[in-house]
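Okay, structure first, notes after.
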Amino acid sequence: MTFAKTLYEVPVPRQYDVAVAGVGFPKDANLYQASRAASYLFFAPTPVVKPGGFFIIPAPCGEGAGEGVGEQRFLRAMQEAPDVRFILDDARRHGYPPGQQRAFVMAKVLEQNDVIVVGAQDPELIRSAKFLAAPTMEAAFAMAGDRLGEDLEALIVPHALLTLPIVQ
Numbered sequence: 051m052t053f054a055k056t057l058y059e060v061p062v063p064r065q066y067d068v069a070v071a072g073v074g075f076p077k078d079a080n081l082y083q084a085s086r087a088a089s090y091l092f093f094a095p096t097p098v099v100k101p102g103g104f105f106i107i108p109a110p111c112g113e114g115a116g117e118g119v120g121e122q123r124f125l126r127a128m129q130e131a132p133d134v135r136f137i138l139d140d141a142r143r144h145g146y147p148p149g150q151q152r153a154f155v156m157a158k159v160l161e162q163n164d165v166i167v168v169g170a171q172d173p174e175l176i177r178s179a180k181f182l183a184a185p186t187m188e189a190a191f192a193m194a195g196d197r198l199g200e201d202l203e204a205l206i207v208p209h210a211l212l213t214l215p216i217v218q
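See the structure below:
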């Protein structure tokens with residue numbers, strides 16, 4: 051086993067209904083950076099969340115989607131598209147400028163799963179970008195439970211940007 055594998059790979063026994071993807075400061079400051087937690091777990095060798103399940107990301111997103119040019123391109127692409135299929139089709143036809151690739155990546159995630167951002171200072175911005183918003187973890191789990199039932203199984207990944215869960 052390589053040194054990097056010992057640091058970052060973590061075996062998990064199965065796929066889960068929900069993954070709580072911790073990002074922490076400073077990556078929780080904006081949606082562009084915080085959304086990486088869901089995509090990293092989704093694009094693991096086997097996604098850790100079952101199709102139809104949820105990624106929950108606690109992130110205040112005090113900077114909104116982010117203030118950089120790429121972050122604003124991401125936000126515009128997410129907001130202006132009628133649905134995630136449009137984002138994928140448009141990117142395949144026309145490509146995308148730097149920053150907007152995150153919209154393509156997140157559209158791939160949102161095709162299969164919902165992403166709930168918890169505690170965002172501007173929940174309307176979160177919803178306008180095709181994510182779900184919840185004020186608390188309890189509310190996020192209630193949203194997931196409404197769809198999946200009360201017996202859902204959750205995986206907690208405290209450092210989602212530094213962890214590669216490997217489904218056994």
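Reminder that position 117 of the sequence shown reads as 167 in this note's numbering, one-by-one numbering, no gaps.
Cβ coordinates follow ideal geometry from the N, Cα and C atoms, glycine included.
How is residue i classed by DSSP in three states: helix, strand or coil?
i, result
"residue 75", "coil"
"residue 124", "helix"
"residue 59", "strand"
"residue 164", "strand"
"residue 108", "strand"
"residue 170", "coil"
"residue 88", "helix"
"residue 82", "helix"
"residue 53", "helix"
"residue 113", "coil"
"residue 133", "coil"
Is residue i buried or exposed, if buried means 16 or more other CB atoms sit within 10 Å of its CB?
i, result
"residue 212", "exposed"
"residue 132", "exposed"
"residue 57", "exposed"
"residue 164", "buried"
"residue 121", "buried"
"residue 206", "exposed"
"residue 143", "exposed"
"residue 83", "buried"
"residue 192", "exposed"
"residue 108", "buried"
"residue 147", "exposed"
"residue 136", "exposed"
Can you pull the DSSP bridge partners for residue i?
i, result
"residue 66", "99"
Near residue i, which residues of its chain fall below 7 angstroms by C-beta distance, leaving aside the five closest residues on each side in sequence?
i, result
"residue 171", "110, 111, 112"
"residue 89", "155, 156, 159"
"residue 124", "82, 115, 149, 150, 152, 153"
Output needed for residue i: all residues of its chain with C-beta closer than 6 angstroms, excluding positions within five of it in sequence on either side, in chain order.
i, result
"residue 36", "This structure leaves residue 36 out entirely; the chain is present only between 51 and 218."
"residue 167", "107, 109, 176, 181, 183"
"residue 208", "72"
Using a Cβ-Cβ cut-off of 8 angstroms (strictly less than) and excluding sequence neighbours within five positions of residue i, which residues of its own chain qualify?
i, result
"residue 67", "99, 100, 103, 104, 194, 198, 202, 203, 204"
Q) Which runs of the alpha helix (DSSP H), 4 residues or longer, sit entirely within the stretch 178 to 217? A) 187 to 198
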